[in-house]
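*Asks:* First to last, the protein sequences are chains C and L. Residues in the first sequence are numbered from 14 upward in steps of one, following our numbering. Residues in the second sequence are numbered from 14 upward in steps of one, following our numbering. All residues carry an ideal CB built from backbone N, CA and C; glycine is no exception.
Number of protein chains: 2
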Amino acid sequence: MAQRATITQVAQRAGVSVASASRALNGLTSATATVEAVRAAARELGYIPDATARSLKLGRTLQLAYAVADIGNPVYVEMMGAIQEVVAGAGYRLLVANTGDAAGTVDLVTSLQRGYADGMVLSPLRVTDELVEAIAQSPVPVVVLGRMPEAAAVDTVAPDSPGGVALAVAHLRERGARRIAFVNGPFDTTPGRVRGTAFTDAAGADAITVAATDFTAVAGEAVAHELLSRPDRPDAVLAANDLLAIGVLHAADQLGLQTPGDLAVVGVDDTDLGKLFRPSLTSVNLGAPERGRRAAELLLARLQDPGRKPQQIVVPASLSVRRSSDGKGSR
Amino acid sequence: MAQRATITQVAQRAGVSVASASRALNGLTSATATVEAVRAAARELGYIPDATARSLKLGRTLQLAYAVADIGNPVYVEMMGAIQEVVAGAGYRLLVANTGDAAGTVDLVTSLQRGYADGMVLSPLRVTDELVEAIAQSPVPVVVLGRMPEAAAVDTVAPDSPGGVALAVAHLRERGARRIAFVNGPFDTTPGRVRGTAFTDAAGADAITVAATDFTAVAGEAVAHELLSRPDRPDAVLAANDLLAIGVLHAADQLGLQTPGDLAVVGVDDTDLGKLFRPSLTSVNLGAPERGRRAAELLLARLQDPGRKPQQIVVPASLSVRRSSDGKGSR
DNA sequence: ATGAAAGCGCTAACAC
DNA sequence: GTGTTAGCGCTTTCAT
C-alpha cells in the first residue's frame, strides 16, 4: 500500500505553481516546456489525481448507480452488463445496489441526495407513490427501467410486454393450443400487472391465470403443480418469466407430461438459462441488454442536457422459438 | 431534481456556527437546545450531508469495489450478493466493475490510486506479475478471491478445489466409474490450473483431460462432443465448472448417451443453474457465497487494522449429489 | 502563459 | 459548549 502524491508535490518538483501544474495536466493553455516539466514530475512521482477532491471541485462524481430489486434474476445481470459497458465508455464508474423490497428502493433513491452519484438507472419491481415522489425529489437524474405513471415525467425504457405476450399467445395458438394458461408472478409488481393484463387481453378473459408468490423457479413449480393437476388442465402455459417457466417444466416433468407434446411452455425474458435448459425454452425476448443500453444512453443524454424533454422508450419484443413449444425448434 | 442544502445554510437557520451544526448532527458534545435547533433546521431544509465533501475531509469514501473478470458467470453474482450484504451492513456502498481480460484487471487495480474506493475485493481469472505488482502498489487494501503467490503477502480467500475435486472423483469411483475424464477450462487461468492439477492428482496421471476454450456451456459442449465420440470414451466426466458440465450434458444428449446411465457428469460451483437443470447436476460446492462473505469481512478487518498480518483463508468444499451422477439423487 | 488566491462542503483542532 | 480557523486536493477565476 503505497503513498499517493498530490498535485502540490508535482508542482514543486516541476518548479511551477499548482495552477500551472493543473493546467498542464489537463491540457489547457500552457507553454510546452511547462507541460514537459510537469509531465515528467508527475511520472516520477507516480501522480494520479484524487477522484474525491476532483469531484468536490467539479460538482460531479463521474459515478452512476444501478439499483435493482433482485440481482439474483439473471435478466437484471444482463441489463447490468449492458449498462456498465455504456457508462464505462463515457468515463463513468458504475455503482450497483441490490434494493430488495419497495422500501429499500425508496431509501436508495433518497440517498442519492448524498451526492455520491451523478445519476441512476433504476429497475423497480413495484412503483409506489413514495418512489415517484423520491424520484421527483432527486437532485440527479433517474432513468427508470419499466413503466411509470404519466405524471411522473421521467425518462423510462420499457419492454413491449403486451406485444411480446401477444406474440407468444399467437404462436401457441398456431401450434394448436386450445387451452392456454398464464403463470404469473405477484400481481402487485409492475411486470406482474402489465404481463397479466396483456395475457388477458391476448388470450381472452376466460383464460386461466394463476400467480406464483414470486418470480422464481421454485414458486413457479409449486403453482404449476396445482395448475397441471386440474381436470381441465391447460395444453399450453405462458409464464411471466423464464424462471417461472422452468418451474412449470419441472412440474410437468414430475406429473409425467411430455413437453411440448402434452404441454407447450413459453417463458419471458429469453435468458441464457432458457437456452441452456433441456428442452430448450421458447421465450419472449424483451430485449434486456438493449433496454439496459438505452437506459444508460438516456441517462448520459440527460446529464449532457438536463433540460431535455423526458423520453419514454419502448423496446420491441420478439419471440425465440425453441423446443419447449415446438418439436421442430432447435434443441 | 431538487436543490440541496449545505451545512452552512443549516447553521445559519439554526443560528449557530457551522462547527456547532456539524457537532450537533454527528452527535458530539453540544447543548440540548443546540441539537434541537440544528435538527429542526436540517429537517426543514431537507439537509443531507454531501458524501464527496465528507470523503475529502475524512480521507475515506465509504465505498468498496468488487472487480470480477466475468459477471456473466452466475457464481460471481452469488459472490457479489454476499459481498454486498456484508459491506452494506458496515455502511459501505459497493462499486462493481467487470474487468474482462487480464490487462483490464490490472488497469482497474491501478485506478484504485484515484482514491474512489477504500478497498477492493478482486476475483481475477489470471494472476500475472503485473497484477501482483499493481496490488502491492495499491494505496488501499485489496483482498483476492483465489490463490496468490506466497510472496504477495495479501489477504486471500480461496476454495479448497483440490479437496472438492477429490470428493467428486471418489464419488464417481464409488458409483462404479472406470474411466473418468476432466473437462477443464483454459489452463492458463488460476481455476483451470488448480483444478486441472487437482484432478490429475486425484484420478491419476493417465486420466484423460481436455480443455475448453473458456468456462462456458458452449465451449464445454464443443470439447465434450469430441471427447465423447472417442472409441475409448469415458463413463464419467468431471467438469471444471457448472457451465462446462451443462455443455457436457448437452453433448451427451446429442450423442444419445443416457445420464447418468452411460455417462455420469459432475460440475463445480454448485450454482442454481445446476440445481434447475434436468437431470439436476451433481456439483462440487466450493462455498461461493461464503467465500464472498469471508473476503468482505477480511477487507473490513484490514480497514480497521491495516497492520494486521495478511490472512489466507481456505473455505472447505462439499459435494452436492444429484441426478446427473446418481439415479437415486433428487431430480 | 503563469501565479496567487478563492472555494467546493465538510470536520477537527484549538482557543475561549 | 461554542465559534474561529485551517485544510482535505483539486480546478478556476483574476490579475499580471
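Going by Cα to Cα distance, which pick from L:Arg-208, L:Phe-200, L:Asp-245 and L:Val-207 is closest to L:Asp-227?
*Replies:* For the residues L:Arg-208, L:Phe-200, L:Asp-245 and L:Val-207, the minimum Cα distance to L:Asp-227 belongs to L:Phe-200.
*Asks:* For C:Gly-280, which of helix, strand or coil comes out of DSSP?
*Replies:* Note: C:Gly-280 maps to strand in three-state DSSP.
*Asks:* Residues in its own chain within less than 7 Å of C:Thr-112 by CB, not counting five upstream and five downstream?
*Replies:* Cβ neighbours of C:Thr-112 beyond the five flanking positions: Ala-80, Val-81, Ala-82, Thr-118 and Leu-121.
*Asks:* Using the beta-carbon of each residue, which ones in chain C are nearer than 8 Å to L:Phe-195?
*Replies:* Result: empty, since nearest Cβ-Cβ is about 21 Å, beyond 8 Å.
*Asks:* Name, please, each residue of chain L whose Cβ falls closer than 7 Å to the Cβ of C:Ile-61.
*Replies:* Correct list: Gln-126 and Arg-127.
*Asks:* So, helix, strand or coil for C:Gln-324, using DSSP?
*Replies:* C:Gln-324 falls in the coil class under three-state DSSP.
*Asks:* Counting contacts by CB-CB distance shorter than 9 Å, is C:Phe-228 in contact with chain L?
*Replies:* Closer than 9 Å: no.
*Asks:* For a cutoff of 9 Å on Cβ pairs, would you count C:Asn-111 as touching chain L?
*Replies:* Chain L contact via Cβ: present.
*Asks:* Below 6 Å CB to CB, which residues in the same chain sit around L:Ala-95 once its five sequence neighbours on both sides are set aside?
*Replies:* Cβ neighbours of L:Ala-95 beyond the five flanking positions: Pro-302, Gly-305 and Arg-306.
*Asks:* Anything in the region 205–234 of chain C with a Cβ closer than 8 Å to a Cβ of chain L? List those residues in chain order, please.
*Replies:* Correct list: Ala-230.
*Asks:* Within 8 Å, do at least three Cβ pairs link the region 239–257 of chain C to the region 312–319 of chain L?
*Replies:* They do not touch, by the three-pair rule.
*Asks:* Is there at least one Cβ from chain C nearer than 9 Å to L:Thr-21's Cβ?
*Replies:* So, not an interface residue.
*Asks:* What residues from chain L crowd round C:Val-90, counting only those whose CB sits closer than 7 Å?
*Replies:* Under the 7 Å cutoff, chain L gives Ile-84 and Val-90.
*Asks:* Starting from L:Met-93, trace the alpha helix (DSSP H) in both directions and tell me its first and last residue.
*Replies:* First-last of the alpha helix (DSSP H) with L:Met-93: 87–102.
*Asks:* State yes or no: is the beta carbon of L:Asp-266 nearer than 9 Å to at least one beta carbon in chain C?
*Replies:* Chain C, which has a Cβ nearer than 9 Å to the Cβ of L:Asp-266, makes this yes.
*Asks:* Does DSSP put C:Leu-158 in a helix, in a strand, or in coil?
*Replies:* DSSP places C:Leu-158 in strand when its eight states are reduced to three.
*Asks:* Where C:His-263 and C:Pro-87 are concerned, what is the direct C-alpha to C-alpha distance, given to the nearest angstrom?
*Replies:* So the two alpha carbons sit approximately 19 Å from each other.
*Asks:* Look at the alpha carbon of L:Ala-101 and the alpha carbon of L:Leu-107, and state the distance between them as a whole number of angstroms.
*Replies:* Taking the straight line from one Cα to the other gives about 8 Å.
*Asks:* Could you say if the region 325–341 of chain C and the region 283–296 of chain C meet the contact criterion of at least three C-beta pairs nearer than 8 Å?
*Replies:* Touching, yes, given that three or more Cβ pairs across the two stretches are closer than 8 Å.
*Asks:* Quick check on L:Pro-247: does DSSP put it in helix, strand or coil?
*Replies:* L:Pro-247 falls in the coil class under three-state DSSP.
*Asks:* Can you give the Cα-Cα distance for L:Thr-295 and L:Tyr-105, rounded to whole angstroms?
*Replies:* In a straight line, the C-alpha of L:Thr-295 is about 36 Å away from that of L:Tyr-105.
*Asks:* Cβ of C:Ala-116 less than 9 Å from any chain L Cβ?
*Replies:* So no, C:Ala-116 is outside the interface.
*Asks:* Suppose the cutoff is 6 Å on Cβ atoms and the five residues either side in sequence are ignored; what does the same chain contact list for L:Glu-234 look like?
*Replies:* Same-chain partners within the cutoff: Gly-260, His-263 and Ala-264.
*Asks:* Using the C-alpha atoms, what's the distance from C:Leu-268 back to C:Leu-241?
*Replies:* Each residue's alpha carbon lies about 8 Å from the other.
*Asks:* Starting from C:Leu-77, follow the alpha helix (DSSP H) in both directions and report where the run begins and ends.
*Replies:* From DSSP, C:Leu-77 is part of no alpha helix (DSSP H) but of the beta strand (DSSP E) over 76–81.
*Asks:* Does C:Gln-76 come within less than 9 Å of chain L when only Cβ atoms are used?
*Replies:* Closer than 9 Å: yes.
*Asks:* Hey, L:Asp-168 and L:Pro-154: beta-carbon distance below 9 Å or not?
*Replies:* Closer than 9 Å, so yes.
*Asks:* Chain C partners of L:Ser-68, CB-CB under 7 Å?
*Replies:* The contacting residues are Thr-65.
*Asks:* Since C:Ala-24 contacts C:Ala-78 with CB under 8 Å, what's their CB separation in whole angstroms?
*Replies:* At roughly 34 Å, the Cβ-Cβ gap does not stay under 8 Å, so C:Ala-24 and C:Ala-78 are not in contact.
*Asks:* Residues in the region 238–253 of chain L with C-beta within 9 Å of chain C's C-beta atoms, listed in sequence order?
*Replies:* Answer in chain order: no residues at all.
*Asks:* What does the alpha-carbon distance come out to for the pair C:Val-90 and L:Gln-76?
*Replies:* Straight-line Cα distance between these residues: approximately 21 Å.
*Asks:* Please classify C:Thr-42 as buried or exposed, where buried requires at least 16 neighbouring CB atoms within 10 angstroms.
*Replies:* That one is exposed.
*Asks:* Check for me: the alpha helix (DSSP H) holding C:Ser-68 runs from which residue to which?
*Replies:* Residues 64–71.
*Asks:* For L:Thr-123, I'd like the list of residues in its chain whose CB is within less than 6 Å of its CB, leaving aside the five on either flank, ordered along the chain.
*Replies:* Only Ala-147 meet the Cβ criterion.
*Asks:* Assign C:Val-366 to one of three DSSP states: helix, strand, or coil.
*Replies:* Only positions 14 to 344 of chain C appear in the structure, and residue 366 of chain C is not among them; the question remains open.
*Asks:* So what's C:Thr-123 in DSSP terms, helix, strand or just coil?
*Replies:* Looking at C:Thr-123 - three-state DSSP - the assignment turns out to be helix.
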